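J.: The structure that follows is given in the form of structure tokens.
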Amino acid sequence: MKVGYFTERPVRWVPEEVILKNGAHFAVSNKYFDRERAADDYNYWIDENCYAEELGFDVVALNEHHGNPFCMGSVMNVEAAILARLTKKAHILLIGNPLPVLKHPLRMAEELAEIDLISRGRLITGWVRGAGSEQFFNNANPSYNREYFEEAHDFIVQAWTKPGPWRYEGKHFHYRHVNPWALPYQKPHPQMWIPGTLSPETVLWCAERGYPYFGLGTALSATCDLWEYYADEAQRQGYQAGSENFGYLVPAFVAETDEKAQELGKGFLFGGGQNTFARPEHTLPPGYNSKDAIRRLSKQPQGSWLGVSGEKLKATQVEEKKQLDAEEIHRKLLPGYERAQKAHQFVIGSPKTVTEKLKTIMKVLRPGSIVVFNVQGPISNQDRQNSMRLMAKEVAPAIKEFAGTIGLVDAITRPPRQSKIQAGTKRAPVSDKGPLKELGLL
Amino acid sequence: MQHPRGRMVSDMIKATEETLNVDGTQLVMVKGGSGKPLLILHDELGYPGWMTWNESFAHERTLLIPLQPGYGKTRRLDWIRTYRDLAGFYSHMVRDMKLDPIDVIGFSAGGFVAAEMAAADPRIFSKMVLVAPMGIKPEQGEIMDVFPITIRTHLRATVADPAGTPEFAKIYGGEMTPEQFEAFEDARAECARIGWEPYMHNPSLPHLLQGLKTPTLLVWGSSDRVVPGGCIDAYKRVIPAAQVATIDKVGHRPEIENSPEFERVVSRFLAA
């Protein structure tokens, strides 16, 4: 098993009430940008990732978002390139480059090849469709999001593997002369791990290609369902899916005692936490979701942001947010904090508590890799590093040992699609909901 | 119950849906009324239903309202990637049906389509009515960005006074059923697909419209929040002979916000 480290590199100096008044992190005015603190923190995040390697994390994971103080990684490949040079052993996992919004797959192929070369083959690349808000930020037509994603991916794989020069005339991308003189160090190319939040279309796409799917803190029961769906498709493709096909990212924070961890872990709620990543109107732009997904959403019995429920929509209006104060919002968020911990979607506590909860996740989801997502909000570097140290020195060895006992193997150690399966044979399950039943989570 | 124009409800004209074959595409068209054909091009949110103004016009004209590909009933055509492509498709339809020259009323993005059709073939329309048309970048102001807002916000922005516009309830009555929601999302998705960039206009359109001789009426509501007056100014600049009818205190849907005035100015223009 691989254990990885991840942080969103949050902007820690933006006043929380500004985010709350805006109703979301996305679209907070950059008039609050502070160049001195940003310069400090961009350097700090590099140092923190190097520290993760020094502590023994197998993987350092980066992501990017745009126009959003939730995450300072706006151009992840820049950070990855620096880490490629500064680190020595850790795999550099990108979760992931938002292909549809970046619009230039040849340039992407070159950038990633350079990172892989500088790191001498430690890049694990990943692709995402980009959050809804990113489509607006980058003026990327959301109706073509999935087409851009698939065409850019197919093009990049060709650019890495097909000797040039050659000409490419696709639907959305056109290149007269494809002949990059930066090709990946790894042959035929770096592994691709695809992060997601359980879009069935993406899960299917991964299974067809044998790409590991990485659940981003997704609800455990639903994740089991989608992973079995992956395994069904894998069987149609002729292989038995296993732990190497799956990874899981989980918000996690450790301190010496449960009490201390619980207090500091509330940083995950900063500005409303992940639930206020972007306002509803920025979350699902027109055409961004498939027709099936729109149908699923529109039939949610409780209504949704979509306008099916006027009340819910009304509650998200910016004007109404302005009337609320930060303390009241925090009080309202606390039950959610507790629910998320009960559901194992936040794992917070002493090393013992965190180890046991991660073991439960491992029993249920059977991922080959786990990436822990460090806390958000204005938590000090010292507290962040303390959590990292406890995670690396006390938790990681225990969960790795446990992984060995239940046969969890990562995709680097055992590349996917190795285990063939005959048509008509009963495949092995890839998840186990048993522990969820015991925990009352079904 | 009296119709606003004095006709009895029993005289109401029934609109029907027909499916036409246009170059192999099954195009669904709403058809109603009798008399000389009148082409209606709906707006970016789709055909809103048979309204009072449709009923009035249908007593003297045969209304032909094609339901845009990708808007639910007519399947999406992948090769249509711009409003100009859509205009080309509708031009085929008009020629196939031997309707040209025909009178047209285009609403908002439908006005954009009509203008593209006229720019490509100046003889396709006998008269052209553009109601709050998109398609040309306004000289002042901006066309409202309708994509980073929810459908509810968008719909409410299309009329100056939602509560004071009874027919608006037929389009958006508050809560939506999942089916209605899905239809609006289809419309938004297709509108974004072909109108995302440049946003709901085509920089070459004003150049190609120069010198157009087709009698043209530009209708605009003085409280329109979606299409600014700058769009009307821009159209007027390239079609100097165009008449302009500004209807006071209405927004982006003058045809339902002040139907009598809308019917008056449009009927007079078409009859002249």
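Note that the protein sequences, when read in sequence, are chains A and B.
Whatever position you read off the first sequence (first residue = 1), add 1339 for my numbering.
Whatever position you read off the second sequence (first residue = 1), add 194 for my numbering.
Cβ coordinates follow ideal geometry from the N, Cα and C atoms, glycine included.
Since the structure is predicted, the reported quantities are computational estimates derived from the model, not experimental observations.
1. Checking 8 Å against the spacing of the C-beta atoms, do A:L1559 and A:L1780 come in under that value?
2. Using the rule of at least 16 other Cβ atoms within 10 Å of the residue's Cβ for burial, across every protein chain shown, is B:N396 buried or exposed?
3. Scan the region 315-347 of chain B for residues whose Cβ lies nearer than 8 Å to a Cβ of chain A and list them as they occur along the chain.
4. Have a look at A:T1346, A:P1768, A:E1387 and flag the residue whose alpha-carbon is nearest the alpha-carbon of A:L1555.
5. If A:P1437 sits next to A:V1350, beta carbons under 8 Å apart, how far is it from one beta carbon to the other, in whole angstroms?
6. Looking at chain B, is there any beta carbon in it that lies within less than 8 Å of the beta carbon of A:F1475?
7. Please state whether DSSP places A:V1703 in a helix, a strand or coil.
8. For B:P150, which residues in chain A fall below 9 Å Cβ to Cβ?
9. Let's test the definition: count the other Cβ atoms within 10 Å of the Cβ of A:W1532 and tell me whether it reaches 16, buried, or not, exposed.
10. In chain B, which residues lie with their C-beta within 7 Å of the C-beta of A:H1621?
11. B:I318: which of B:M370, B:V288, B:K364, B:L221 sits nearest, CA to CA?
12. Using 8 Å for Cβ pairs, my map puts B:A326 next to B:H446. What's the rounded Cβ distance?
13. Rounded to whole angstroms, what is the Cα-Cα separation between B:T256 and B:K208?
14. Contact criterion: CB-CB distance below 8 Å. Does A:Y1550 meet it with respect to chain B?
15. Mind checking A:N1628: buried by the 16 CB within 10 Å criterion, or exposed?
16. Distance, Cα to Cα, B:T347 vs A:A1448?
17. Listing by chain order, which chain B residues have their CB less than 8 Å from the CB of A:Y1483?
18. Locate the alpha helix (DSSP H) running through B:W247, then write down its first and last residues.
19. Please confirm whether A:I1700 and A:V1589 have their CB atoms less than 8 Å apart.
20. Pull the bridge partners of B:T256 from the DSSP assignment, please.
21. Candidates A:Q1680, A:W1520, A:C1410: which alpha carbon is nearest A:A1377's?
22. Contact criterion: CB-CB distance below 8 Å. Does A:D1633 meet it with respect to chain B?
23. Can you name the residues of chain B whose CB is closer than 7 Å to the CB of A:N1480?
24. Taking the alpha-carbon positions, what's the A:S1582 to A:P1736 distance?
25. Determine, using beta carbons only, whether A:A1638 comes closer than 8 Å to chain B.
26. For B:E455, which residues of its own chain have a beta-carbon under 6 Å away from its beta-carbon, when the five flanking residues on both sides are left out?
27. Please confirm whether A:P1754 has its beta-carbon closer than 8 Å to some beta-carbon of chain B.
28. Hey, is B:E333 close to the ligand GTP, as in C-beta under 7 Å from one of its heavy atoms?
29. Of all the residues that make up the region 359-380 of chain B, which are near chain A by a beta-carbon distance shorter than 7 Å?
30. Measure the Cβ-Cβ separation of B:V420 and B:M338 and say whether it is below 8 Å.
31. Since B:I234 contacts B:L258 with CB under 8 Å, what's their CB separation in whole angstroms?
32. Taking 8 Å as the cut-off, decide whether the C-beta atoms of A:R1705 and A:F1553 are in contact.
33. Run through DSSP, which three-state label would A:E1602 get?
34. In chain order, which continuous runs of the alpha helix (DSSP H) of length 4 or greater are located wholly inside the region 1350-1423 of chain A?
35. Against A:P1624, what residues of chain B qualify as contacts under a CB-to-CB distance less than 8 Å, listed in chain order?
36. Are there three or more Cβ pairs, one per stretch, closer than 8 Å when the region 407-425 of chain B is compared with the region 1662-1675 of chain A?
T.: For this structure:
1. yes
2. buried
3. F341, P342, I343, T344, I345, R346, T347
4. A:T1346
5. So it is not a contact: roughly 19 Å between Cβ atoms.
6. yes
7. The answer is helix: DSSP assigns A:V1703 an H, G or I state.
8. Nothing in the structure corresponds to residue 150 of chain B, since chain B is present only between 195 and 466.
9. With 16 or more Cβ atoms within 10 Å of its Cβ, A:W1532 is classed as buried.
10. The contacting residues are P342.
11. B:V288
12. 5 Å
13. Distance between the alpha carbons of B:T256 and B:K208 is about 11 Å.
14. no
15. buried
16. 40 Å
17. R387
18. 246-252
19. yes
20. B:G227, B:P231
21. A:C1410
22. Checking the sequence, you will find Ile at residue 1633 of chain A rather than Asp. Answer yes: the Cβ-Cβ gap between A:I1633 and chain B drops below 8 Å somewhere.
23. What A:N1480 touches in chain B: A386, R387, W390, E391.
24. When rounded, the distance between both Cα atoms is 18 Å.
25. For the sequence presented, residue 1638 of chain A should be read as Lys rather than Ala. At least one chain B Cβ lies under 8 Å of A:K1638.
26. I441
27. no
28. Annotation note on the ligand GTP: not contained in the displayed structure, which lists no ligands.
29. G368, E369, M370, P372, F375, E376, E379
30. yes
31. That pair is a contact at about 7 Å.
32. no
33. helix
34. 1355-1361, 1374-1394
35. F341, P342, A386
36. no
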